[in-house]
Amino acid sequence: MININQLNKEFESRVRLGIMSVLLVNDWVDFKEMKNLLEVTDGNLASHSSALEKSNYIEIKKEFVGKKTKTSYRVTNSGRKSFEDHLNALEKLIGK
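Residue 1 is where the sequence shown starts when you use the UniProt record's numbering, and the numbers rise one by one after that.
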């Protein structure tokens, strides 16, 4: 049996679970697409993605396209491993 403390607190939020889930199956995802997929506000996405970046779970790339800034996200290797470990712990917790 798994101890609930083995779950990663960084992934407790619905938004962070969503960000990581999207990035596991896509290479780079831009801000607008991520926002639409998760149905969140600009500020909500920005704060949760910044927290994941601080933990080195995602990479955030900002570049200029014309005169506008384009923000894109991708999962890091450590983020992929940590999220997969979290999902495995959840599966064990519910008995799968």
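Beta carbons: idealized from backbone N, C-alpha and C, even for Gly. Every value quoted in this text rests on a predicted model; they were computed, and no experiment measured them.
Would DSSP call residue i helix, strand or coil?
i, result
"S13", "coil"
"D30", "strand"
"I94", "coil"
"S47", "helix"
"L7", "coil"
"S55", "coil"
Taking the C-alpha atoms as reference points, what is the distance between residue i and residue j?
i, j, result
"N44", "G95", "32 Å"
"A51", "R74", "14 Å"
"W28", "F11", "20 Å"
"G66", "K81", "35 Å"
"N88", "L7", "9 Å"
Could you tell me which residues DSSP pairs with residue i in its beta bridges?
i, result
"S72", "D30, K61"
Are there any heavy atoms of the ligand PLP lying less than 7 Å away from the beta-carbon of residue i, as far as the coordinates show?
i, result
"T71", "Ligands are entirely absent from the displayed structure, and the ligand PLP is therefore not among its contents."
Count the other CB atoms within 10 Å of the CB of residue i; is the residue buried (16 or more) or exposed (fewer)?
i, result
"L23", "buried"
"S78", "exposed"
"F64", "exposed"
Exercise. Taking one C-beta from the region 29-39 and one from the region 8-19 each time, how about it: are there three or more such pairs within less than 8 Å?
Worked result: Yes: the two stretches touch, three or more of their Cβ pairs being nearer than 8 Å.
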